[in-house]
Ligand code: F6R
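Residue numbers (our numbering): 89 to 731.
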């Protein structure tokens, strides 16, 4: 683990408090047959469809049928692909729960899909979050005769409730008792055939809201799930538990307890009515969490995505270190933004670990990789894990015997599946076509990999290693600051950038791939021609295009680049270019450009991550200034499966 347990917990809760938890969506509906119950399955489908942006690895639901049976239907896949197979529309009833999953632990299989049930198929549970003490609980429950069938942490919940019921508690008390001994994060909805008109719920850290409809109550991780049925909502607070029926809600606060003794935890009834709010958002706005576009939401999610990725990296990185240590050659391949992460990774491996590697654009890689051997390593970077150019190159490399490492944001997607080692970023689903949080989390992976490699190979003295690691841990905080500081600046700058036809993005050394990513963002969503190249190249040709007012952005991370880039800024100013620099606070170059965006000074190896953020914001605001939808740039798709 990269962070100490205590550090992880402190930052985790802090960030979860700020951003909420964006993975998996849950829904519960308590209704009557005359309200929505006659079409319960169809309504569950609609609600889950509205939650699809939270995850789409698997989908499932459970209903109690009018004759009192629990039916559970679930499988791997996207909701529209499995709608027929699961037969949503065939089911009616007065209570039902559903789940859409973004896998972070355990592959997205049919068995791991939610809901999960107890031994007798009387209780079904959907859950968002992570139960940290599930292994202990699972062992104890197995000793007491419970049978588990999935690899999930969630499955302990129905078995715990079953266990407490066996020991004499009624369902609600058993549920409260079970919740009180869970550790970690959770939003839970549960149904039980013994209480066929209720949905039991509980929340700790992962978000959970109740919707008050006409003759129907909803429980969900997010408002968009039920917004077409009601806009009256109650946001639950930590350690609130309760149940809904079609016409009533009970909310109680409980405390946590330690043991498996069947004594329900002390609880107090919560007067929730003053907390009910009417939400005026449209469905689309609600899915975007109040942001006008997914891209802006995802830019703002970066501190949490980076934090989750840092804390989620584990032994697989040491596996990659081992492979690289023994390799003759290392290749890093990716397309578009993932190529820029690959190139950054290549610089970092060289700088921190003295390892030479070659970054190759995925669509060009197959010819190169057709000559690799079993002594070579290929790192394939793809947020979607499905990009065909990258996949084809991976297949070529595998055929030649090379070891392949996948860096992806999507568990069990094609590239990780075909690779020898999988390293996952934990950015959550990225809906905006332009990659933002998946890029910064890819940079986290490479920074950490280079640090570990440097430590193991002895190129990085222990003190430097520790110092850089602690700087990497501070990145979520720095990115948070950079977003807040740069948003107004980007908004203002975008008014000028919006009128330009072309721009250069220049950097040196590690600043080159960050400039390339800045240029890609501007061209793909604001449709302004943008070109990036190493700043030293200007005089070899590109400076011929520069005329008064031509925008030139400089990326200065604060290392070797800072020492030598001053002259490049001067030569552009001398031709009347409009120069803008992103540089560390107090930088020696800060007086040279016309516009300077000073950011916290970090080590340049770590600065790559926050220093891309101003470019993301400038591109975003320039696109909106020009009247374009940044979430759906023309001619582009989120996953490119054609060569
Ligand atoms: C740009 C962008 C694309 C992708 C590229 C590779 O914002 O998103 O350039 O980076 O299509 O996609 P993945 O990473 O899914 O292989």
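Even glycine gets a Cβ: it sits at the ideal position worked out from N, Cα and C. Note that this is a predicted model, so its numbers are computed, not measured.
Exposure label - residue i; buried when at least 16 CB within 10 Å
i	result
residue 585	buried
residue 597	buried
residue 516	buried
residue 513	buried
residue 106	Low local confidence applies: a pLDDT of 39 at residue 106 is under 50, so the model's placement there is unreliable, with the coordinate-based value given in what follows. Exposed is the call here.
residue 344	exposed
residue 246	buried
residue 122	exposed
residue 366	exposed
residue 470	buried
residue 707	buried
residue 368	exposed
residue 162	buried
The alpha helix (DSSP H) enclosing residue i, as first and last residue numbers
i	result
residue 180	That residue, residue 180, is in no alpha helix (DSSP H); it is neither H nor E in DSSP.
residue 328	Element bounds for residue 328: not the alpha helix (DSSP H) but the beta strand (DSSP E), 328-332.
residue 694	692-699
residue 264	259-269
residue 558	550-585
residue 344	Residue 344 -> no alpha helix (DSSP H), and no H or E assigned at all.
Cα-Cα separation between residue i and residue j, rounded to whole angstroms
i	j	result
residue 280	residue 578	52 Å
residue 215	residue 187	8 Å
residue 714	residue 164	40 Å
residue 449	residue 421	6 Å
residue 457	residue 717	38 Å
residue 211	residue 157	10 Å
residue 722	residue 473	22 Å
residue 110	residue 240	For residue 110, the predicted structure reports a pLDDT of 49, less than 50, and the residue's modelled location is therefore unreliable. A value from the coordinates is still provided. Their backbone Cα atoms lie some 18 Å apart in a straight line.
residue 152	residue 284	7 Å
residue 491	residue 497	20 Å
residue 139	residue 260	27 Å
residue 501	residue 359	46 Å
residue 478	residue 384	27 Å
residue 159	residue 275	22 Å
residue 482	residue 503	7 Å
residue 314	residue 172	22 Å
residue 608	residue 337	50 Å
residue 676	residue 668	15 Å
residue 335	residue 700	50 Å
residue 401	residue 378	31 Å
residue 619	residue 588	13 Å
residue 569	residue 548	29 Å
residue 489	residue 431	23 Å
residue 438	residue 221	40 Å
residue 594	residue 671	12 Å
Reference residue i, options the options, closest by Cα
i	options	result
residue 681	479, 638 and 627	638
residue 614	378, 504, 235 and 710	710
residue 117	181, 431 and 160	181
residue 705	382, 675, 394 and 470	382
residue 726	523, 333 and 267	523
residue 224	340, 414, 697 and 269	269
residue 353	433, 333, 432 and 265	265
residue 137	154, 411, 542 and 170	170
residue 303	507, 221, 277 and 332	332
residue 114	184, 177, 258 and 507	184
residue 403	661, 561 and 533	533
residue 476	489, 451, 495 and 485	451
residue 712	612, 461 and 197	612
residue 536	222, 556 and 521	556
residue 347	228, 603, 286 and 238	228
Where the beta strand (DSSP E) through residue i begins and ends
i	result
residue 116	113-118
residue 140	Note, residue 140: premise wrong, no beta strand (DSSP E); not H, not E.
residue 466	464-470
residue 373	Per DSSP, residue 373 belongs to no beta strand (DSSP E); it is in the alpha helix (DSSP H), 371-375.
residue 504	From DSSP, residue 504 is part of no beta strand (DSSP E) but of the alpha helix (DSSP H) over 502-505.
residue 401	Here residue 401 belongs to no beta strand (DSSP E), and DSSP marks it neither H nor E.
residue 322	320-323
6 Å Cβ shell around residue i - same chain, five flanking residues per side excluded
i	result
residue 467	420 and 493
residue 375	141 and 312
residue 600	622
Beta-carbon contacts of residue i that lie in its chain and below 8 Å, excluding the five residues immediately before and after
i	result
residue 664	634, 635, 636, 637 and 638
residue 326	291, 292 and 293
Own chain residues within Cβ distance below 7 Å of residue i, not counting five before or after
i	result
residue 652	596
residue 357	340
residue 190	111, 112, 142, 143, 145, 516 and 517
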